[in-house]
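**Q** Below are the structure tokens for one structure; questions will follow.
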Amino acid sequence: MTLSQKNLRILVVDDSIVFRMMISDVIGNIPGMEVVGTARDGHSALARVTSLKPDLMTLDIEMPGMDGMEVLTRLKSQSPRVGVIMLSSDAGRGGRRIITSLEAGAFDFVLKPSEKNVTENKRKLEKDLAPLLRSFSRRMEIRSILNSHRTDVSLDRSVLPPITETKTPDPIVPAFTADFPRNSSDVVAIGVSTGGPAALARLIPALPGNLTVPILIVQHMPPGFTRALAESLDRQSKVPVVEAQDGDILVPGKVFIAPGGSHMKIVSAGNRTKQMIRITQDPPENGCRPSADYLFRSVAHHFKDRATGVIMTGMGQDGDKGLALMKEHRAVIIAQDEATSIVFGMAKQPVASGIVDIVAPLDNLAREIMKTVRPTFGM
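Sequential numbering of the sequence shown, starting at 1, is according to the UniProt record's numbering.
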């Protein structure tokens, strides 16, 4: 039996029996998913990981005693291959802990539904949880195939190139765009989703303190979490990182993160010599608000060939059309490679379509971005 024919084995951990039952019921109705057990506290969760050997754990972050963050920390030491999806009932109070857990290696997170109707709660939970479970299952399948390729001495190497294990491989520059312009960008726009907080926690602190351009980031998140993300990155970085506000003027050396639940775009300021940020409640695009496509379009319009677009780890295809428009205006396009992406979804189509100038591993992205920006800010 192949991995794709096996159910994803899931352990449900929550101190509330109501949510343990609800989450278990929802997962049980998703094809290819199997709840192998439940736990009501951190200690029993870790014990059941040993006995049940799940592939993934849904983990409540707000538990008495050993909370979800401590469970995650111990799990990453005890059973690092077990994936974790965090659940939180409080975006405000739990926001900082969720961001910390994502930076520590959790796959993603889901907000617990708070509707009065049980049926509506289940519908909302399934809508949010099912795509993450399927994405994690696909990731496991790909990992299994790659591992089998590493150990299968009879594998036809003309079909699959050798897999290297170097920590900082050189970026892959597609031949058809290897001559893209350097040191020409006045702005960097980044789109990222699943795996984003951990990836950004490695990218943004790697940027130099004398960064000469603004950086705009769309990270798919609901309201209440992007401020905690910005604060966390700000503490770790040499450049200031903020959650963007409507009317913010673009200034060099500052990182702006779109607020969860809102779109972010660039418009001309009053005297038209500067650009500023506009935060809107326009309809979601690609099921997302904020949307990378929405941001990329405005960057293409205002900066044309003086921009760098970056697409990173994440599910879905948000950003593909916006990057294509940026490319039409001769912007530089950079993508995170598949090997270092938690989910190679958002970057997959841009790479396949040939609009990407350079594909690089996560730890090389800061260096590649800096090669594209102007030595002096020239908006």
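No residue lacks a Cβ here, since even glycine has one placed at the ideal position from N, Cα and C.
What you are looking at is a predicted structure, and each value in this text was computed from that prediction instead of being measured.
1. Cβ of ALA331 within 8 Å of Cβ of ALA366?
2. Write down every uninterrupted run of the alpha helix (DSSP H) in the region 259 to 319 whose length is 4 residues or greater and which is fully enclosed by it, in chain order.
3. Would you mind stating whether GLY309 and GLY224 have Cβ atoms separated by less than 8 Å?
4. Answer with buried or exposed for GLY83, where buried requires no fewer than 16 other C-beta atoms within 10 angstroms of its C-beta.
5. Helix, strand or coil for ALA346 per DSSP?
6. Any contact of the region 251 to 260 with the region 329 to 347, i.e. 3+ C-beta pairs under 8 Å?
7. Over what stretch of residues does the alpha helix (DSSP H) that includes ASP234 continue unbroken?
8. In whole angstroms, what separates the C-alpha of ALA189 from that of SER51?
9. Assuming contact is defined by CB atoms lying nearer than 8 Å, are ASP55 and ARG9 in contact in what I supplied?
10. Using the rule of at least 16 other Cβ atoms within 10 Å of the residue's Cβ for burial, across every protein chain shown, is GLU62 buried or exposed?
11. The alpha helix (DSSP H) spanning PHE109 covers which residue range?
12. Taking 7 Å as the cut-off, is the CB of MET276 close to at least one heavy atom of the ligand MN?
13. Would you say the region 96 to 114 touches the region 28 to 37, given that touching needs at least three Cβ pairs under 8 Å?
14. In the DSSP assignment, what residue or residues form a beta bridge with GLN336?
15. Helix, strand or coil: how does DSSP classify SER185 here?
16. Taking the DSSP output, what are the residues bridged to THR38?
17. Determine the direct distance from the alpha carbon of ILE369 to that of ASP234, and round the result to whole angstroms.
18. My assumption, with CB atoms under 8 Å, is that GLY208 sits in contact with VAL187. Please give the rounded CB distance.
19. Excluding the 5 residues flanking ARG48 on each side, which residues of the same chain have their C-beta closer than 7 Å to its C-beta?
20. Do you know offhand how far GLN78's Cα is from ASP25's?
21. Classify THR194 as helix, strand or coil using the three-state DSSP reduction.
22. Taking the alpha-carbon positions, what's the THR166 to ASP363 distance?
23. Taking the alpha-carbon positions, what's the HIS329 to LYS304 distance?
24. Which same chain residues, not among the five before or five after ARG202, have their C-beta less than 7 Å away from its C-beta?
25. Let me know if GLY243 comes out buried or exposed under the rule of 16 or more other beta-carbons within 10 Å of its beta-carbon.
26. With DSSP as the reference, label THR66 as helix, strand or coil.
27. Here's the rule: buried if 16 or more other CB atoms are within 10 angstroms of the residue's CB, otherwise exposed. What is PRO80?
28. How do the region 289 to 302 and the region 316 to 330 stand: do at least 3 beta-carbon pairs fall below 8 Å, yes or no?
29. Could you give the C-beta distance for ILE311 and MET264, rounded to a whole number, given that I count them as a contact under 8 Å?
30. Output the boundary residues of the beta strand (DSSP E) element that contains ILE257.
31. Should ARG374 and SER185 be called a contact, given that it needs their Cβ atoms to be closer than 8 Å?
32. For THR58, which residues does DSSP report across the bridge?
33. Please name the residue, chosen from GLU285, SER262, PRO284, GLY287, that lies closest to ILE277 on a Cα-to-Cα basis.
34. For SER98, is the classification buried or exposed, using 16 other Cβ atoms within 10 angstroms of its Cβ as the cut-off for buried?
35. Which residues bound the beta strand (DSSP E) around LEU216?
36. Measure from the alpha carbon of PHE136 to the alpha carbon of each residue in GLU120, VAL118, PHE109, LEU125, then state which is nearest.
**A** According to the structure data:
1. By one-based count along the sequence shown, residue 331 stands at place 331. By one-based count along the sequence shown, residue 366 stands at place 366. Against a cut-off of 8 Å, the Cβ pair of ALA366 and ALA331 comes out as no contact.
2. 292 to 303
3. As a first step, residue 309 is located in the sequence shown; it is residue number 309 there, counting from the start. As a first step, residue 224 is located in the sequence shown; it is residue number 224 there, counting from the start. Cβ atoms of GLY309 and GLY224: not closer than 8 Å.
4. On the sequence shown, residue 83 is found 83 positions in, with the first residue counted as 1. With 16 or more other Cβ atoms within 10 Å, it is buried.
5. Start at 1 with the first residue of the sequence shown, and residue 346 comes out as number 346. Here residue 346 turns out to be Met, not Ala, going by the sequence shown. Collapsing the DSSP output to three states places MET346 in coil.
6. no
7. Taking the first residue of the sequence shown as 1, we reach residue 234 at position 234. First-last of the alpha helix (DSSP H) with ASP234: 226 to 236.
8. Reading the sequence shown from its first residue, position 189 is the one you call residue 189. Reading the sequence shown from its first residue, position 51 is the one you call residue 51. Each residue's alpha carbon lies about 45 Å from the other.
9. Looking up residue 55 in the sequence shown gives position 55. Looking up residue 9 in the sequence shown gives position 9. Result yes, Cβ atoms of ASP55 and ARG9 sit closer than 8 Å.
10. Within the sequence shown, the letter at position 62 stands for residue 62. It is buried - the Cβ of GLU62 has at least 16 other Cβ atoms within 10 Å.
11. Locating residue 109 in the sequence shown gives position 109, where the first residue counts as 1. Where PHE109 is concerned, there is no enclosing alpha helix (DSSP H), although the beta strand (DSSP E) it sits in stretches over 108 to 111.
12. Among the components of this structure there are no ligands whatsoever, and the ligand MN is therefore not found.
13. no
14. For the purposes of this step, residue 336 is taken as the residue at position 336 of the sequence shown. Partner(s): ALA360.
15. In the sequence shown, the residue the question calls residue 185 occupies position 185. In the structure shown, SER185 sits in a strand (DSSP, three-state: E or B).
16. Stepping through the sequence shown from its first residue, residue 38 is reached at position 38. Paired residues: VAL12.
17. Taking the first residue of the sequence shown as 1, we reach residue 234 at position 234. Taking the first residue of the sequence shown as 1, we reach residue 369 at position 369. About 19 Å.
18. Your numbering for residue 208 matches position 208 in the sequence shown. Your numbering for residue 187 matches position 187 in the sequence shown. The identity of residue 208 in the sequence shown is Pro, whereas the question assumes Gly. Not a contact, Cβ separation roughly 17 Å.
19. Sequence index remark: in the sequence shown, residue 48 carries index 48 (1-based). Taken in chain order, the residues that qualify are LEU11, GLY37, ALA39.
20. Here residue 78 refers to the residue found at position 78 when the sequence shown is read from its first residue. Here residue 25 refers to the residue found at position 25 when the sequence shown is read from its first residue. Taking C-alpha positions only, GLN78 is separated from ASP25 by approximately 28 Å.
21. Locating residue 194 in the sequence shown gives position 194, counting from the first residue. DSSP places THR194 in coil when its eight states are reduced to three.
22. To locate residue 166, count along the sequence shown from 1; it is residue 166. To locate residue 363, count along the sequence shown from 1; it is residue 363. Any reading at THR166 needs caution, since the residue's pLDDT is 38, under 50, leaving its predicted position unreliable; the model's value is listed next. THR166 and ASP363: Cα-Cα distance of roughly 12 Å.
23. Translated into the one-based positions of the sequence shown, residue 329 becomes position 329. Translated into the one-based positions of the sequence shown, residue 304 becomes position 304. Looking at the two C-alpha atoms, the distance is approximately 5 Å.
24. Counting from 1 along the sequence shown, the entry for residue 202 is found at position 202. The answer, listed in chain order, is LEU362, ASP363.
25. The residue given as residue 243 occupies position 243 in the sequence shown. One detail in the question is off: residue 243 reads as Glu in this sequence, not Gly. Answer is buried; the Cβ neighbour count reaches 16.
26. In the sequence shown, the residue the question calls residue 66 occupies position 66. The amino acid occupying residue 66 in the given sequence is Met; Thr does not appear at that position. If DSSP states are grouped into helix, strand and coil, MET66 belongs with coil.
27. Taking the sequence shown and counting its residues from 1, the one referred to as residue 80 is at position 80. PRO80 comes out exposed.
28. yes
29. Within the sequence shown, residue 311 is the residue found at index 311, counting from 1. Within the sequence shown, residue 264 is the residue found at index 264, counting from 1. About 16 Å; that fails the 8 Å criterion.
30. Sequence index remark: in the sequence shown, residue 257 carries index 257 (1-based). Where ILE257 is concerned, the enclosing beta strand (DSSP E) stretches over 255 to 257.
31. For this step, residue 374 is matched to residue 374 along the sequence shown. For this step, residue 185 is matched to residue 185 along the sequence shown. A contact, by the Cβ cut-off of 8 Å.
32. To locate residue 58, count along the sequence shown from 1; it is residue 58. For THR58, which the question treats as bridged, DSSP gives the partners VAL12, ILE85.
33. Counting from 1 along the sequence shown, the entry for residue 277 is found at position 277. The shortest Cα separation from ILE277 among GLU285, SER262, PRO284, GLY287 belongs to SER262.
34. Position 98 of the sequence shown holds residue 98. Checking the sequence shown, residue 98 turns out to be Ile, not Ser. Answer is buried; the Cβ neighbour count reaches 16.
35. Numbered from its first residue, the sequence shown carries residue 216 at position 216. Boundaries of the beta strand (DSSP E) around LEU216: 215 to 219.
36. In the sequence shown, residue 136 corresponds to position 136, counting from 1. Selected option, being the one with the closest Cα: PHE109.
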